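K.L.:
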């Protein structure tokens, strides 16, 4: 079977024309592939993962899934399809290109004003980039470069960011590379930061796969403070000394 997983805005709305196609033998395998997309969700039990996803989509407590695993997976996917988040594809339908088509759709949404992003710019930071065995990137940042740490209060985090002004951007001592990425500017920290934290599995004061920290970012010739997500200790990954990560 083939499933098209739609990309979404920060508000959880499906982005038309976007998505990534996955192929699996059955619904259970589809759920396993979806669950393994981030280190945090991969650590969750399948039923817990499905329940948490549905709770976030449907709001609050949801109707329980069937006890039998295969039936639960089928019901889970059916409910995602009702919300337009996935699409069941015939086996002969070609997969959608990724990430080009996703990025094009994301840019259309941004320009239409239906997203909270104000701008996206190329930028670099100092650190160490890894490709995790789970298929995702992880960033290590030297402790000395951390300007602040994320909290559960997005407004206070934004105020600290404003007070820093123009931080020094220079090569740190020790083993670091220039890491290439994108600087995304949002308009409302109280509205925009919490869903990003949830997306990255960052839980202030609790167990998190990634931590949100503020570092100096070089955008063009300007150094500015910005938030990034880092993993304090990468154990299962391959170092990318080019500073560039590409999805396999």
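Residue numbers (the working numbering): 5 to 252.
Glycine residues also receive a C-beta, built at the ideal position from the N, C-alpha and C atoms.
Treat the numbers as computed from the prediction; the structure is a model and nothing was measured.
#1: Beta-carbon within less than 8 Å of residue 339's beta-carbon, same chain only, minus the 5 sequence neighbours each way: which residues are those?
#2: Beta-carbon separation of residue 35 and residue 54 under 8 Å?
#3: First and last residue of the beta strand (DSSP E) that includes residue 185?
#4: For the alpha helix (DSSP H) containing residue 150, list its first residue and its last residue.
#5: Over the uninterrupted alpha helix (DSSP H) stretch that includes residue 34, give me the two end residues.
#6: Mind checking whether residue 132 and residue 144 have CB atoms under 8 Å apart?
#7: So residue 169 and residue 216 are in contact, right, with Cβ under 8 Å, and what is the actual spacing, rounded?
#8: Using a Cβ-Cβ cut-off of 8 Å (strictly less than) and excluding sequence neighbours within five positions of residue 3, which residues of its own chain qualify?
#9: Counting C-beta neighbours from all protein chains within 10 Å, is the total for residue 10 16 or more, i.e. buried, or is it exposed?
#10: State buried or exposed for residue 59, treating a residue as buried only when at least 16 other CB atoms are found within 10 Å of its CB.
#11: Mind checking residue 98: buried by the 16 CB within 10 Å criterion, or exposed?
#12: Can you tell me whether residue 45 is helix, strand or coil according to DSSP?
P.N.:
To lay it out plainly:
#1: Outside the displayed range of the chain (5 to 252) lies residue 339, so it cannot be described from this structure.
#2: What you label residue 35 is simply residue 31 of the chain shown in a count that begins at 1. What you label residue 54 is simply residue 50 of the chain shown in a count that begins at 1. Yes.
#3: Walking along the chain shown from the start, residue 185 turns up at place 181. That run of the beta strand (DSSP E) goes 181-190.
#4: Reading the chain shown from its first residue, position 146 is the one you call residue 150. Unbroken run through residue 150: none, as it is neither H nor E.
#5: Taking the first residue of the chain shown as 1, we reach residue 34 at position 30. Where residue 34 is concerned, the enclosing alpha helix (DSSP H) stretches over 31-39.
#6: On the chain shown, residue 132 is found 128 positions in, with the first residue counted as 1. On the chain shown, residue 144 is found 140 positions in, with the first residue counted as 1. Yes, they are a contact pair.
#7: Numbered from its first residue, the chain shown carries residue 169 at position 165. Numbered from its first residue, the chain shown carries residue 216 at position 212. Contact doesn't hold; Cβ gap of about 20 Å is too wide.
#8: Past the edges of the chain, shown from 5 to 252, lies residue 3, and the structure says nothing about it.
#9: Here residue 10 refers to the residue found at position 6 of the chain shown. It is buried - the Cβ of residue 10 has at least 16 other Cβ atoms within 10 Å.
#10: In the chain shown, residue 59 corresponds to position 55, counting from 1. Residue 59 should be labelled exposed.
#11: In the chain shown, the residue the question calls residue 98 occupies position 94. Legend: pLDDT at residue 98 = 44, less than 50; position of this residue unreliable, value from coordinates given subsequently. It is exposed - the Cβ of residue 98 has fewer than 16 other Cβ atoms within 10 Å.
#12: Walking along the chain shown from the start, residue 45 turns up at place 41. Helix at residue 45.
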